[in-house]
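Below you'll find the structure, written out as structure tokens, and then a few comments.
Rendered as structure tokens:
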């Protein structure tokens, strides 16, 4: 099995090391990941400037390819220009911190997997839910198991799995839960500061508002020490509103001013 | 009606001028838009560096506020820190070029509207489908009409409308079509070049593959000179796969290595 690995924390992060070590036991791994941290870049791609690719060594051996772009860039570049043959699977992670609920929208980790899904490759995004990241080894082990499941069951074209693993010791994990994207989100605050030259600048901060209270939502499952597995796609159509809007009769809008 | 206007082409672009001129006839418009072009940044937000806000004048009068960040940053900043009262509606555009099918995923224009939807404000993204942009005036007129429709009918929290307007004379527009996000997408190619110092670099290019052949898909509707109106949300859950995955029995995955 040929596996392309990427992430958004960058090729020098710890999480990608553990993911690569785990997946090397079950497949032929190619790493193409951002040279610099790309958290919260969402599904950005680089078009206005060209990209560079460099070989990155770890422990004196070729570890993978670093790209001075976004996670989505890395997946495109890995599949189109770096891998001699297309991958059987693309895995993104292990992210340092959770990617649940509304955070999925901003996540570079999920966007790397989503780019693979757009390109018709099965894909998995894996995140460890705390920035302390004490349990990368266990998360890597779970990555192998979920890859097995995807291999065994297949995944519809255009779909990826978004996995969040609680960062707790194995004995505290209550199980694996099939979940939906939660509704929890950030209540943003911009903190105003004054720079040494007397000019204002603003830092994004805020509080995460827990709006999920049901184990079938990723955020609540993870909070209760379940591993969450959410199938995600890139069809953003709101079909419920589509049905409602049939009654709007927008075809009757007069086009003349 | 208080309207927040943003875009991804930047506060100095032509499209936003036409949008503001049109919407000023029906509401109180505040402009908060990127200082620099932000096409294809997707739903990126700025967290690692602070943001600056500057007043931007046009024709000797305050036009709006320029932010050195992404479209999503601008919407957050506009609502949280710039507008004295929250908007009744957020409108993003008029984009120079179409945002149909898979392009929605990469679009800064759509992401600005989506950020508003995440924050529970009704939102509209408006794009003119050619980079020649000969018909901004007509597109601005349509913006007013669709704002009327949203005001009249209401929009479910978390939903935005993604509008694409063919860049042709009014007499060639065939009508307004309620649509779904199409499946058309880019077949990417990275063009390899050598810089003056002998080093390789790569430009993203490619061909847009038309996979839609039904007027209920945005891309095909627009290609056939219909204005497309697609309801979009940010719940990325793939419910079809969710149902299928109930048979995977992932709760039985053994967690010990």
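Chains as they are written, first to last, in the numbering used here: chain W, 17 to 273; chain C, 17 to 273.
For every residue, glycine included, the Cβ atom is placed at its ideal position computed from N, Cα and C.
Which residues, in chain order, does the stretch 35 to 59 of chain C contribute to contact with chain W at a C-beta distance below 8 Å? Listed by position along the chain: 53, 55, 56, 57, 58 and 59.
How would you call residue 21 of chain W, buried or exposed, if buried means at least 16 neighbouring beta carbons within 10 angstroms? Taking the first chain and counting its residues from 1, the one referred to as residue 21 of chain W is at position 5. That one is buried.
So with Cβ pairs under 8 Å, would you call residue 217 of chain W a contact of chain C? The residue given as residue 217 of chain W occupies position 201 in the first chain. Answer yes: the Cβ-Cβ gap between residue 217 of chain W and chain C drops below 8 Å somewhere.
Counting only beta-carbon separations shorter than 8 Å, does residue 125 of chain C have a partner in chain W? Taking the first residue of the second chain as position 1, residue 125 of chain C is located at position 109. No, residue 125 of chain C lies away from the interface with chain W (no Cβ there is under 8 Å from its Cβ).
Could you work out which residue in C/203, C/174 and C/180 is closest to residue 226 of chain C when comparing CA atoms only? Position 210 of the second chain holds residue 226 of chain C. That would be C/203, whose Cα lies nearest to the Cα of residue 226 of chain C.
Shorter than 7 Å, the distance from the beta carbon of residue 252 of chain W to the closest heavy atom of the ligand SAM, or not? This structure lacks the ligand SAM; in fact it carries no ligand of any kind.
From what residue to what residue does the beta strand (DSSP E) around residue 74 of chain W run? For the purposes of this step, residue 74 of chain W is taken as the residue at position 58 of the first chain. Residue 74 of chain W -> beta strand (DSSP E) spans 69 to 74.
For residue 152 of chain C, which residues from the same chain have a beta carbon less than 7 Å from its beta carbon, with the 5 sequence-adjacent residues on both sides left out? Counting from 1 along the second chain, the entry for residue 152 of chain C is found at position 136. Answer for residue 152 of chain C: 30, 31, 34, 110 and 144, listed in chain order.
Residue span of the alpha helix (DSSP H) that contains residue 234 of chain W, given as start and end: Here residue 234 of chain W refers to the residue found at position 218 when the first chain is read from its first residue. First-last of the alpha helix (DSSP H) with residue 234 of chain W: 234 to 239.
Give me the Cα-Cα distance between residue 19 of chain W and residue 50 of chain W, rounded to the nearest whole angstrom. Counting from one through the first chain, the residue named residue 19 of chain W turns up at place 3. Counting from one through the first chain, the residue named residue 50 of chain W turns up at place 34. The alpha-carbon atoms of residue 19 of chain W and residue 50 of chain W are separated by roughly 17 Å.
When DSSP labels each residue in this structure, what does residue 151 of chain C get in the three-state scheme? Counting from 1 along the second chain, the entry for residue 151 of chain C is found at position 135. Residue 151 of chain C falls in the coil class under three-state DSSP.
Scan the stretch 70 to 149 of chain C and note each continuous beta strand (DSSP E) run of 3 residues or more that stays entirely inside, going in chain order. 77 to 83, 105 to 112 and 139 to 144
Looking at the secondary structure, which residues open and close the alpha helix (DSSP H) in which residue 225 of chain W lies? As a working note, residue 225 of chain W is residue 209 in the first chain. Looking at the DSSP string, residue 225 of chain W is not in any alpha helix (DSSP H); the run it does join, the beta strand (DSSP E), is 216 to 225.
For residue 173 of chain W, the nearest candidate out of W/179, W/187, W/165 and W/138 (CA to CA): Along the first chain, read from residue 1 onward, the residue named residue 173 of chain W stands at position 157. The candidate whose alpha carbon is nearest that of residue 173 of chain W is W/138.
Could you check whether residue 155 of chain C and residue 39 of chain C sit closer than 8 Å to each other, using their CB atoms as the reference points? Within the second chain, the letter at position 23 stands for residue 39 of chain C. Within the second chain, the letter at position 139 stands for residue 155 of chain C. Taking 8 Å as the Cβ cut-off, residue 39 of chain C and residue 155 of chain C do not qualify as a contacting pair.
Sequence-distant residues of the same chain with beta carbon closer than 7 Å to residue 237 of chain C, five excluded per side: What you label residue 237 of chain C is simply residue 221 of the second chain in a count that begins at 1. For residue 237 of chain C, where only same-chain residues beyond five positions count, the Cβ hits under 7 Å are 193, 195, 231 and 244.
Since residue 199 of chain C and residue 228 of chain C should fall inside the 8 Å C-beta cutoff, what is the C-beta to C-beta distance between them, to a whole number of angstroms? By one-based count along the second chain, residue 199 of chain C stands at place 183. By one-based count along the second chain, residue 228 of chain C stands at place 212. With 8 Å as the limit, residue 199 of chain C and residue 228 of chain C qualify as a contact, their Cβ atoms being about 6 Å apart.
Got a sec: which bits of the stretch 159 to 193 of chain W sit with their beta carbon under 9 Å from any beta carbon on chain C, in order along the chain? 160, 161, 162, 164, 165, 168, 169, 171, 172, 174, 175, 176, 177, 178, 186, 189, 191, 192 and 193
Helix, strand or coil at residue 28 of chain C [DSSP, three-state]: On the second chain, position 12 is the one that residue 28 of chain C refers to. Residue 28 of chain C: coil per DSSP, three-state reduction.
Would residue 161 of chain W pass as a contact of residue 269 of chain C if the rule is Cβ separation under 8 Å? In the first chain, counting from the first residue as 1, residue 161 of chain W sits at position 145. In the second chain, counting from the first residue as 1, residue 269 of chain C sits at position 253. Contact: yes.
Would the beta-carbon of residue 125 of chain C fall within 8 Å of that of residue 141 of chain C? On the second chain, residue 125 of chain C is found 109 positions in, with the first residue counted as 1. On the second chain, residue 141 of chain C is found 125 positions in, with the first residue counted as 1. In contact: residue 125 of chain C and residue 141 of chain C (Cβ atoms closer than 8 Å).
CB contact flag (residue 57 of chain C, residue 47 of chain C, <8 Å): Taking the first residue of the second chain as 1, we reach residue 57 of chain C at position 41. Taking the first residue of the second chain as 1, we reach residue 47 of chain C at position 31. No, these two residues do not count as a Cβ contact at 8 Å.
Give me the Cα-Cα distance between residue 271 of chain W and residue 222 of chain C, rounded to the nearest whole angstrom. Sequence index remark: in the first chain, residue 271 of chain W carries index 255 (1-based). Sequence index remark: in the second chain, residue 222 of chain C carries index 206 (1-based). Between residue 271 of chain W and residue 222 of chain C, the C-alpha separation is close to 35 Å.
Can you give me the Cβ contacts of residue 26 of chain C inside the same chain, cut-off strictly under 6 Å, excluding the 5 residues immediately before and after it? Start at 1 with the first residue of the second chain, and residue 26 of chain C comes out as number 10. So the qualifying residues of the chain are 50, 52 and 53.
From the beta carbon of residue 230 of chain W, is the nearest beta carbon of chain C less than 8 Å away? To locate residue 230 of chain W, count along the first chain from 1; it is residue 214. No, no contact with chain C.
Given a cut-off of 8 Å on the beta-carbon distance, is the pair residue 66 of chain C and residue 218 of chain W in contact? Along the second chain, one-based indexing puts residue 66 of chain C at 50. Along the first chain, one-based indexing puts residue 218 of chain W at 202. Cβ distance < 8 Å, so residue 66 of chain C and residue 218 of chain W count as in contact.
Close beta carbons around residue 44 of chain C, own chain, < 6 Å, minus the five adjacent residues each side: Stepping through the second chain from its first residue, residue 44 of chain C is reached at position 28. 18, listed in sequence order.
If you compare alpha carbons, which of C/187, C/128 and C/74 is closest to residue 95 of chain C? Position 79 of the second chain holds residue 95 of chain C. Nearest to residue 95 of chain C by alpha-carbon distance, out of C/187, C/128 and C/74, is C/128.
Cutoff 8 Å: residue 112 of chain C Cβ touching any chain W Cβ: Translated into positions along the second chain, residue 112 of chain C becomes position 96. No, its Cβ sits nowhere closer than 8 Å to a Cβ of chain W.
What does the alpha-carbon distance come out to for the pair residue 256 of chain W and residue 106 of chain C? The residue labelled residue 256 of chain W in the question sits at position 240 within the first chain. The residue labelled residue 106 of chain C in the question sits at position 90 within the second chain. Rounded to the nearest angstrom, the two C-alpha atoms are 21 Å apart.
What residues in the stretch 259 to 270 of chain W have a beta carbon less than 7 Å from any beta carbon of chain C? 261, 262, 264, 266, 267 and 269
Per DSSP, what are the beta-bridge partners of residue 198 of chain W in this structure? Within the first chain, numbered from 1, the residue matching residue 198 of chain W stands at position 182. DSSP output for residue 198 of chain W lists no bridge partner at all.
At a CB-CB cut-off below 8 Å, which residues of chain W make contact with residue 250 of chain C? The residue you call residue 250 of chain C lines up with position 234 of the second chain. Those are 118, 121 and 252, listed as they occur along chain W.
Rounded to the nearest angstrom, how far is the Cβ of residue 248 of chain W from that of residue 130 of chain W, given a contact under 8 Å? Reading the first chain from its first residue, position 232 is the one you call residue 248 of chain W. Reading the first chain from its first residue, position 114 is the one you call residue 130 of chain W. Going by Cβ atoms, the distance from residue 248 of chain W to residue 130 of chain W rounds to 7 Å, so yes, they are a contact pair.
Considering residue 245 of chain W, what are the terminal residues of the beta strand (DSSP E) in which it resides? Numbered from its first residue, the first chain carries residue 245 of chain W at position 229. Here the beta strand (DSSP E) through residue 245 of chain W covers 242 to 249.
What residue does the alpha helix (DSSP H) around residue 260 of chain C start on, and which one ends it? Walking along the second chain from the start, residue 260 of chain C turns up at place 244. Residue range 255 to 261 is occupied by the alpha helix (DSSP H) that includes residue 260 of chain C.
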